[in-house]
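What follows is one structure encoded as structure tokens, with my remarks underneath.
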Amino acid sequence: MKILRKSALTVAMAAVFASSSAFAYEAGDMMVRVGAAGVYPTGDSDNITPVDPNAKVEADDAWSLGITFSYMFTDSIGLGVLGAYPFEHDIEGKGSISGLGKVATTKQLPPTVTLQYYFNNSSPVTPFLGAGFNYTYFFDEDTKGALSDANLDLDDSWGWALEGGLDFDINEHWMVSGQVYYINIETEAKISGVPGKYNVDINPWVYFLSAGYKF
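Numbering-wise (the numbering used here), the sequence shown opens with residue 66 and increments by one.
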């Protein structure tokens, strides 16, 4: 009886590992993930000295609908693309002009491409890392409050990106996923009536929680 129980346990464990290993990625697989994406800036602008030696601005956090595509070149190496519905950020006064509150808004699209490495294993959980580049397009800049009579222009940005993620397989095709990016986004701002251009470091952490499907 003991031998029978051990045999049954061995067969059951073998079935679990066989089924979970079948979910591992293979060359030619493509994954699509759709979910909520949050952009959390970590930087601010240069001092806007014509306004005040200690005047700065910074972008607030924003959430939107995100989507990623990954294509596997080998069983472990893939190419990932991050896209999203436009994010809309409030731009707040900081330093000596923090009392002004929201001084502008802007929308942005941050398409990001990364080369990914997947740590395939016999578990339903597959971690991966990625590195690549980002292009951020700013548009619909609109000044508010004390700056409502001025025009704001933000240059587009090119920068590098780092990524870490986890896929949890539900079955052969469906998964839930979490990804974190750190993206180098730096733009130059020009405000009508204020001489010069001013660097704005956004450099956000980007969080992405999603459901995915593997083809």
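Cβ coordinates follow ideal geometry from the N, Cα and C atoms, glycine included.
Exercise for the section: Please report the residue range of the beta strand (DSSP E) in which H154 lies. Expected result: Looking at the DSSP string, the run of the beta strand (DSSP E) that includes H154 is F152 to G160.
Exercise for the section: Give the DSSP bridge partners of N268, in chain order. Expected result: DSSP lists no partner for N268.
Problem - Inter-residue Cα distance where the pair is K279 and T139 - result: Taking the Cα positions, K279 is about 15 Å away from T139.
Handout entry: T201, enclosing beta strand (DSSP E) - first and last residue
Key = V190 to T208 is the extent of the beta strand (DSSP E) around T201.
Practice task
Give the straight-line distance between the Cα atoms of P106 and G258, rounded to the nearest whole angstrom.
Solution key: P106 and G258: Cα-Cα distance of roughly 27 Å.
Problem - 8 Å Cβ shell around D221 - same chain, five flanking residues per side excluded - result: Counting only Cβ-Cβ distances below 8 Å, and skipping sequence neighbours, we find Y200, T201, Y202, F203 and T252.
Handout entry: When D155, G160, S163 and L180 are compared against T170, the one with the closest alpha-carbon
Key = With distances taken between Cα atoms, T170 lies closest to D155.
Handout entry: For L217, the nearest candidate out of M95, Y90 and K262 (CA to CA)
Key = When each option's Cα is compared against that of L217, the closest is K262.
Practice task
Return the chain-ordered ranges of every alpha helix (DSSP H) run that is complete within the segment 121-187 and spans a minimum of 4 residues.
Solution key: Within the segment 121-187, complete alpha helix (DSSP H) segments of at least 4 residues are not found at all.
Handout entry: Per-residue DSSP class, three states only, for A254
Key = Looking at A254 - three-state DSSP - the assignment turns out to be strand.
Exercise for the section: Return helix, strand or coil for A102, following the three-state DSSP convention. Expected result: Under the three-state reduction of DSSP, A102 is assigned to strand.
Problem - Extent of the continuous beta strand (DSSP E) run through S222 - result: Counting along the chain, the beta strand (DSSP E) containing S222 begins and ends at S222 to D234.
Practice task
Just the C-alpha distance for A120 and I256, rounded to the nearest angstrom, thanks.
Solution key: A straight-line Cα-Cα distance of about 13 Å links A120 and I256.
Handout entry: Same chain, Cβ closer than 8 Å to G160, neighbours up to 5 away in sequence not counted
Key = The answer, listed in chain order, is N112, D117, N119, A120 and K121.
Problem - Limits of the beta strand (DSSP E) - the one that S242 falls within - result: Here the beta strand (DSSP E) through S242 covers W239 to I248.
Exercise for the section: Measure the C-alpha to C-alpha separation of D266 and G143 and round it to an integer number of angstroms. Expected result: Their Cα atoms are separated by approximately 30 Å.
Exercise for the section: Look at the alpha carbon of P192 and the alpha carbon of E228, and state the distance between them as a whole number of angstroms. Expected result: Whole-angstrom Cα-Cα distance: 11 Å.
Exercise for the section: Counting only the same chain and skipping the five closest in sequence on each side, list residues whose C-beta sits under 7 Å from that of G166. Expected result: Cβ neighbours of G166 beyond the five flanking positions: E157, G158 and G210.
Handout entry: CB of I132 within 8 Å of CB of G148, strictly
Key = Against a cut-off of 8 Å, the Cβ pair of G148 and I132 comes out as a contact.
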